[in-house]
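> Residue numbers (the working numbering), protein chains in the order written: chain A, -9 to 273; chain B, 160 to 328. By construction, the Cβ of each residue, glycine as well, lies at the ideal position given by its N, Cα and C atoms. None of these values were measured; they are calculated from a predicted model.
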């Protein structure tokens, strides 16, 4: 054992582990992005944006392979012309889908005229399933600030937790450490949602702290209640899928399980709420 | 081209881990491409280079995509250094060695992440996460490490040979 500590590289690695552990602890809370991090992100952001867009094509390619039968494959090999046309059709389909997504976002921003938005593309996600954090290609250059709410046409996505020069990190509402103050749209009962961590990609939320005697049924829509300064009031968070049995005297027990209104598995573009219409008017 | 093999492998790893595997996975189960590259590089180039490469790429991933800076860096550094324990050993030509190191490193990395989630207030069933996510993901990482090591070994053959000769001298 003593010999182990005479091993210089081993000791250096131990020190590095301790230092990195301290760094991880220090950066786990609320903090500002350093200039170095901001610069690294700014350099990588265009490449990531390109790679993210390109991956849609790659995914489409794989999906085509898995969905194609042997006969189709043979036909594809024999007919170069057909493949060319398929390529054009696929490009059109991609553009149509992108057009629809952007139209939806535009419609949403039209409907929610109370807010001003910045649209951004998702350019990268955190590894693994432990944290639901993703990076978008808009930062201080687009007026993004920490703690701004992030939405898409379906509802609440999350909030900005780190801002770089041309990129920002968003912690989604399904992250296990994220809590959102909400209310039941039908009854106006106030509660709190929390992300869940489960193996698999069934992203669910849990609803807590409803007042005793709450009235909740599957299908109830949960919206933000506007308490706190992060999430504006009235944004859809999710729908109740399962109501928990009421238990006496245990306020920590969850009241319900929610299906988030946003499909986090296919998140490509989001909108950051940069302000309210009123604020703009005042300026 | 051969000199660029490692940077290219890392770029592909970053792309796979941060974009593609997040969209294409089996119920959340996905391999760790960067871990495969770092372990393989460690076995081929030694503990110091492997460890440094691990810290560098780990910090890069943490800064750009992680929730806190340092967690992936610890895991990748240990993975690179552990791979280096088999550097210039005659049996390091076998893909089983990097695969084994990748398996242990993947387990370590997932447990570091698990601990971080627990400390940040997240709740989950340990047995469920290990059975349904950690072990299947580890197996995918192991499966990916084998071809990655074969490719990197060929690409870095000249550099490895030179270092072998220098080591003997």
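Counting Cβ pairs closer than 8 Å, one from the region 128 to 136 of chain A and one from the region 284 to 298 of chain B, do we hit at least three?
No: the two stretches stay apart, fewer than three of their Cβ pairs being nearer than 8 Å.
> Any beta carbon from chain B within less than 8 Å of residue 76 of chain A's own beta carbon?
On the first chain, position 86 is the one that residue 76 of chain A refers to. Output row for residue 76 of chain A: interface = no.
> Shortest alpha-carbon distance to residue 146 of chain A belongs to which of A:163, A:175, A:-2, A:125?
Position 156 of the first chain, counting from 1, holds the residue named residue 146 of chain A. Here the closest residue by C-alpha is A:163.
> Within 8 Å (strictly less), CB to CB, does residue 120 of chain A reach chain B?
Position 130 of the first chain, counting from 1, holds the residue named residue 120 of chain A. For residue 120 of chain A, the answer is yes, since a Cβ of chain B falls inside 8 Å of its Cβ.
> Within a Cβ cutoff of 6 Å, which residues of the same chain sit near residue 242 of chain B, ignoring the five residues on either side of it in sequence?
Looking up residue 242 of chain B in the second chain gives position 83. So the list reads 198, 201, 202, 209, 260, once near-sequence residues are dropped.
> According to DSSP, is residue 246 of chain A helix, strand or coil?
The residue you call residue 246 of chain A lines up with position 256 of the first chain. Three-state result, residue 246 of chain A: strand.
> Under three-state DSSP, which class holds residue 258 of chain A?
Start at 1 with the first residue of the first chain, and residue 258 of chain A comes out as number 268. Here residue 258 of chain A sits in coil by DSSP.
> For residue 220 of chain B, would you say it is in contact with chain A, using Cβ-to-Cβ distances shorter than 8 Å as the test?
Looking up residue 220 of chain B in the second chain gives position 61. True, the Cβ-Cβ gap to chain A drops below 8 Å.
> Would residue 35 of chain A and residue 157 of chain A qualify as a contact pair, given that the criterion is a beta-carbon distance under 8 Å?
On the first chain, position 45 is the one that residue 35 of chain A refers to. On the first chain, position 167 is the one that residue 157 of chain A refers to. The answer is yes: Cβ separation under 8 Å.
> So, helix, strand or coil for residue 276 of chain A, using DSSP?
Nothing can be reported for residue 276 of chain A: it is not among the residues displayed for chain A, which extend from -9 to 273.
> Quick check: is the beta carbon of residue 178 of chain B nearer than 8 Å to any beta carbon in chain A?
On the second chain, position 19 is the one that residue 178 of chain B refers to. True, the Cβ-Cβ gap to chain A drops below 8 Å.
> Using the Cα positions of residue 165 of chain B and residue 42 of chain A, report the straight-line distance between them to the nearest angstrom.
To locate residue 165 of chain B, count along the second chain from 1; it is residue 6. To locate residue 42 of chain A, count along the first chain from 1; it is residue 52. Cα to Cα, the separation comes out at about 22 Å.
> Just mark residue 308 of chain B as buried or exposed, buried being the case when its beta carbon has 16 or more other beta carbons within 10 Å.
Taking the second chain and counting its residues from 1, the one referred to as residue 308 of chain B is at position 149. Result: buried.
> Return the Cβ separation of residue 222 of chain B and residue 31 of chain A in integer angstroms, given the expectation that the two are a contact with Cβ distance under 8 Å.
For the purposes of this step, residue 222 of chain B is identified with residue 63 of the second chain, where counting begins at 1. For the purposes of this step, residue 31 of chain A is identified with residue 41 of the first chain, where counting begins at 1. About 7 Å separates the two Cβ atoms, so the contact holds.
> With 9 Å as the C-beta to C-beta threshold (strictly closer), list the residues of the region 198 to 219 of chain B near chain A in chain order.
Those residues of the region 198 to 219 of chain B that come within reach of chain A (Cβ to Cβ, closer than 9 Å) are 206, 207, 210, 214, 217, 218, 219.
> Under three-state DSSP, which class holds residue 20 of chain A?
In the first chain, the residue the question calls residue 20 of chain A occupies position 30. Three-state result, residue 20 of chain A: coil.
> Cβ closer than 9 Å: which chain A residues qualify as neighbours of residue 245 of chain B?
Counted from its first residue, the second chain places residue 245 of chain B at position 86. Ordered by position in chain A, no residue passes the 9 Å Cβ test against residue 245 of chain B, which lies about 15 Å from the chain.
> Residue ranges of each beta strand (DSSP E) run of no fewer than 3 residues wholly in the region 173 to 223 of chain A, ordered along the chain?
Listed in chain order, they are 180 to 185, 195 to 198, 211 to 214.
> When you check each C-beta in the region 4 to 18 of chain A against every C-beta of chain B, which residues fall closer than 9 Å?
Listed in sequence order: 6, 7, 9, 10, 11, 12, 13, 14, 15, 16, 17, 18.
> Can you confirm whether residue 275 of chain A, when its beta carbon is compared against all beta carbons of chain B, has any partner nearer than 8 Å?
As displayed, chain A neither begins before -9 nor continues past 273, which places residue 275 of chain A out of reach and without an answer.
> Using 10 angstroms around the beta-carbon of residue 224 of chain B, count the other beta-carbons present and answer buried if the total reaches 16, otherwise exposed.
Within the second chain, numbered from 1, the residue matching residue 224 of chain B stands at position 65. Flag for residue 224 of chain B reads buried.
> Should residue 262 of chain A go down as buried or exposed, given a rule of 16 or more other Cβ atoms within 10 Å for buried?
Numbered from 1 along the first chain, position 272 holds the residue referred to as residue 262 of chain A. So residue 262 of chain A ends up on the buried side.
> Show which residues of chain B have a CB atom less than 9 Å away from the CB atom of residue 27 of chain A.
The residue given as residue 27 of chain A occupies position 37 in the first chain. Result: 222, 223, 228.
> Can you have a look at residue 201 of chain A and say buried or exposed, based on whether 16 or more other CB atoms are within 10 angstroms of its CB?
To locate residue 201 of chain A, count along the first chain from 1; it is residue 211. Result: exposed.
> Just to make sure I have the definition right: I need the residues of chain A whose C-beta is within less than 7 Å of the C-beta of residue 288 of chain B. Which are they?
In the second chain, counting from the first residue as 1, residue 288 of chain B sits at position 129. The contacting residues are 189.
> Quick one: Cα of residue 85 of chain A to Cα of residue 37 of chain A, how far?
For the purposes of this step, residue 85 of chain A is taken as residue 95 along the first chain, with counting starting at 1. For the purposes of this step, residue 37 of chain A is taken as residue 47 along the first chain, with counting starting at 1. Using only the alpha carbons, I get a separation of about 21 Å.
> In chain B, what lies closer than 7 Å to residue 41 of chain A by C-beta?
By 1-based counting over the first chain, the position of residue 41 of chain A is 51. Within 7 Å Cβ-Cβ: 174, 178.
> Taking the alpha helix (DSSP H) that residue 284 of chain B belongs to, which residues open and close that run?
Here residue 284 of chain B corresponds to residue number 125 of the second chain, with the count starting at 1. Looking at the DSSP string, residue 284 of chain B is not in any alpha helix (DSSP H), and its letter there is neither H nor E.
> Am I right that residue 194 of chain A and residue 248 of chain A are in contact with their C-beta atoms under 8 Å? What's the rounded C-beta distance?
Taking the first chain and counting its residues from 1, one reaches residue 194 of chain A at position 204. Taking the first chain and counting its residues from 1, one reaches residue 248 of chain A at position 258. Confirmed, about 7 Å.
> According to DSSP, is residue 235 of chain B helix, strand or coil?
On the second chain, position 76 is the one that residue 235 of chain B refers to. Reduced to three states, the DSSP call for residue 235 of chain B is helix.
> Evaluate the contact criterion for the region 232 to 241 of chain B versus the region 209 to 220 of chain B: three or more CB pairs, one atom per stretch, below 8 Å.
Yes: the two stretches touch, three or more of their Cβ pairs being nearer than 8 Å.
> What is the DSSP secondary structure of residue 149 of chain A, counted as helix, strand or coil?
The residue you call residue 149 of chain A lines up with position 159 of the first chain. Here residue 149 of chain A sits in strand by DSSP.
> Given that residue 281 of chain B touches chain A, what residues does it touch there, using C-beta distances under 7 Å?
Taking the first residue of the second chain as position 1, residue 281 of chain B is located at position 122. Within chain A, the residues near residue 281 of chain B are 166, 167, 187.
> Under 7 Å: does the beta carbon of residue 275 of chain B sit that close to some heavy atom of the ligand PLP?
The ligand PLP is not part of the structure shown, which contains no ligands of any sort.
> In the structure shown, what three-state DSSP assignment does residue 79 of chain A receive?
Start at 1 with the first residue of the first chain, and residue 79 of chain A comes out as number 89. Note: residue 79 of chain A maps to helix in three-state DSSP.
> Would you kindly work out how many angstroms separate the C-alpha atoms of residue 14 of chain A and residue 303 of chain B, rounded to a whole number?
Numbered from 1 along the first chain, position 24 holds the residue referred to as residue 14 of chain A. Numbered from 1 along the second chain, position 144 holds the residue referred to as residue 303 of chain B. In a straight line, the C-alpha of residue 14 of chain A is about 28 Å away from that of residue 303 of chain B.
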